[in-house]
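First up is the structure itself, then whatever we jot down about it.
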Amino acid sequence: MQNLSNLSGQKLGQFELRSLIGVGGMGAVYRGYQPSLDRDVAIKVLSPELTEDGQYIDRFTREALVVARLEHPNIVPVYDYGTVDNVSYVVMRLLTGGSLQDRLKYLKQNETKLPSADEILSVLRQLAGALDYAHQHHIIHRDIKPSNIMFDSIGTAMLVDFGIARILEQNATRFTSAGIAVGTAQYMAPEQFRDEEPTPAVDQYAMGVMAFSLLTGNAPYEASNLAAYALKHVQDPIPKLSEKRPELGTEVDAVFEKILAKRPEDRFVSVTAFVDALEQALLSRSDGAANPPTNFFKMPLPGLKNAQPTPSSQRAIPRDSSSQISARTLVDIPATNELTSARSRKGGLIIISAVIVLMVMVAGVIGFAIAESQQEPPSGLLVALGMVPG
Numbered sequence: 000m001q002n003l004s005n006l007s008g009q010k011l012g013q014f015e016l017r018s019l020i021g022v023g024g025m026g027a028v029y030r031g032y033q034p035s036l037d038r039d040v041a042i043k044v045l046s047p048e049l050t051e052d053g054q055y056i057d058r059f060t061r062e063a064l065v066v067a068r069l070e071h072p073n074i075v076p077v078y079d080y081g082t083v084d085n086v087s088y089v090v091m092r093l094l095t096g097g098s099l100q101d102r103l104k105y106l107k108q109n110e111t112k113l114p115s116a117d118e119i120l121s122v123l124r125q126l127a128g129a130l131d132y133a134h135q136h137h138i139i140h141r142d143i144k145p146s147n148i149m150f151d152s153i154g155t156a157m158l159v160d161f162g163i164a165r166i167l168e169q170n171a172t173r174f175t176s177a178g179i180a181v182g183t184a185q186y187m188a189p190e191q192f193r194d195e196e197p198t199p200a201v202d203q204y205a206m207g208v209m210a211f212s213l214l215t216g217n218a219p220y221e222a223s224n225l226a227a228y229a230l231k232h233v234q235d236p237i238p239k240l241s242e243k244r245p246e247l248g249t250e251v252d253a254v255f256e257k258i259l260a261k262r263p264e265d266r267f268v269s270v271t272a273f274v275d276a277l278e279q280a281l282l283s284r285s286d287g288a289a290n291p292p293t294n295f296f297k298m299p300l301p302g303l304k305n306a307q308p309t310p311s312s313q314r315a316i317p318r319d320s321s322s323q324i325s326a327r328t329l330v331d332i333p334a335t336n337e338l339t340s341a342r343s344r345k346g347g348l349i350i351i352s353a354v355i356v357l358m359v360m361v362a363g364v365i366g367f368a369i370a371e372s373q374q375e376p377p378s379g380l381l382v383a384l385g386m387v388p389g
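Using numbering that gives the first Met the number 0, you'd call the opening residue of the sequence shown number 0 and step up by one each time.
This is the structure:
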């Protein structure tokens, strides 16, 4: 079982691997079958190359255990997990409605209307409930983005991929004890770029970025590399949504000033509190907010292949034994805005160091970012040292 894209027809325990749905840096996801309960399932298979690394096995096992303890209607349920012949796998509910990323790409390709405010609020409220529930159980997702929002056949939104979740319990073994932080640059909070201790506020921030994108068709910040993204998220002024959609009024600006605040303590007390405030601001402008429903989150997507929880697109770079890097961040860099481009994206893996090494490379990256942004890098900002395309 070395070729992850060629496991169809094989078995992992009682589970049959029937068809490949996707391959990522951590492994592959198959449409599978569980004969004991006569049901189709999604089976995430960990890359065999990673099974020799205890950190990745721990991460994989933690994903299963973490999600299994989260019983919420908007979090994809885990049915089982295990290891057979050095191949680790986790069995999840098969979701057939595609991801939010799929729908945003479809929207752009077909130049369809943005979803109505009511539809956006409905999905945001589902996700807010799931995140607040996870936060109450001391779990932070830390990689909220459209590709990690899946839909079932009737349009219910569900959070997937808690594989990088950080458990806050004091007695938990910390996967991030080596200084590893994970996220996707377009949705990362300023404190993640500063390598600060993550809190539930990082999930709030990412939800704010997604909400801004859904309402306007554009992300609040656009960049082509990690350093430029970091500068924008950490110190650029928060864009005013009303400038992109004046019909929604200016009350929404105050909501996004808070949810996208540079300091985590200045954000809302919960994700639900953010959605409540956004709803109040939007519904106060019935002329602009109450546009007709589009069925955006429920309509079948043509050509959608067996939708499911997608594997992580992040890849690990073997650490050089001579390296002096003591802290690093694994980051996806979106090639383009997910809402404004239908082109396929190439993910990236960024190694960020809190230790000043390879000064020439650092100077080059910082110089490029400053030239693009015409801004000075903020104190404490982590510096991108290298990138491997995903």
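Just so it is clear, CB atoms sit at the ideal spot from N, CA and C, and this is done for glycine as well.
Does DSSP put Gln-108 in a helix, in a strand, or in coil?
Helix at Gln-108.
Tell me which same chain residues have a C-beta within less than 6 angstroms of the C-beta of Ser-340, skipping the five on either side of it?
Because Ser-340 sits at a pLDDT of 40, beneath the cut-off of 50, its placement in the model cannot be relied upon, and the following sentence gives the value as read from the coordinates. Cβ neighbours of Ser-340 beyond the five flanking positions: none.
8 angstroms contact criterion, which Ala-188 and Ala-200 should meet: CB distance rounded
Indeed, because the Cβ distance is near 7 angstroms, the residues count as touching under 8 angstroms.
Closer than 6 angstroms by C-beta to Arg-398: which residues in its own chain qualify, once you throw out the five before and the five after it? Chain order, please.
This structure cannot speak to residue 398, because the chain is shown only from 0 to 389.
Residues bridged to Leu-19 [DSSP beta-bridge criterion]:
Tyr-29
Strictly by DSSP, which residues pair up with Met-298?
Partner(s): none; Met-298 has no beta bridge.
According to DSSP, is Arg-102 helix, strand or coil?
helix
I need the straight-line Cα distance from Glu-70 to Tyr-186, nearest angstrom please.
When rounded, the distance between both Cα atoms is 25 angstroms.
Quick check on Ile-42: does DSSP put it in helix, strand or coil?
strand
Classify Leu-158 as helix, strand or coil using the three-state DSSP reduction.
strand
Three-state class that DSSP yields for Leu-394 in the structure shown
Absent from the structure is residue 394, since the part of the chain shown begins at 0 and ends at 389.
Apart from the five residues on each side of it in sequence, which residues of its chain come closer than 7 angstroms, Cβ to Cβ, to Leu-6?
Within the same chain, Leu-6 has close Cβ partners Met-0, Leu-16, Tyr-29, Val-44.
Minimum C-alpha distance to Leu-259 - residue among Glu-190, Ser-223, Phe-295
Ranked by Cα distance from Leu-259, the first of Glu-190, Ser-223, Phe-295 is Glu-190.
Indicate the three-state DSSP secondary structure (helix, strand or coil) for Met-206 in the structure shown.
helix
Would the segment 32-47 count as touching the segment 77-92 if we require 3 or more Cβ pairs under 8 angstroms?
yes
Taking the CB atoms as reference points, tell me whether Val-83 and Gly-23 lie closer together than 8 angstroms.
No, they are not a contact pair.
Is Asp-131 helix, strand or coil by DSSP?
Reduced to three states, the DSSP call for Asp-131 is helix.
Is the beta carbon of Gly-154 sitting closer than 8 angstroms to the one on Phe-296?
yes
Beta-carbon spacing of Leu-300, Asp-101 below 8 angstroms:
yes
Going by DSSP, what residue range makes up the beta strand (DSSP E) through Tyr-80?
Note, Tyr-80: beta strand (DSSP E), 77-83.
Whose C-beta lies closer than 6 angstroms to the C-beta of Lys-243 among residues of the same chain, with five residues either side of it excluded?
Thr-215
Could you tell me the distance, in whole angstroms, from the CA atom of Pro-291 to the CA atom of His-134?
In a straight line, the C-alpha of Pro-291 is about 34 angstroms away from that of His-134.
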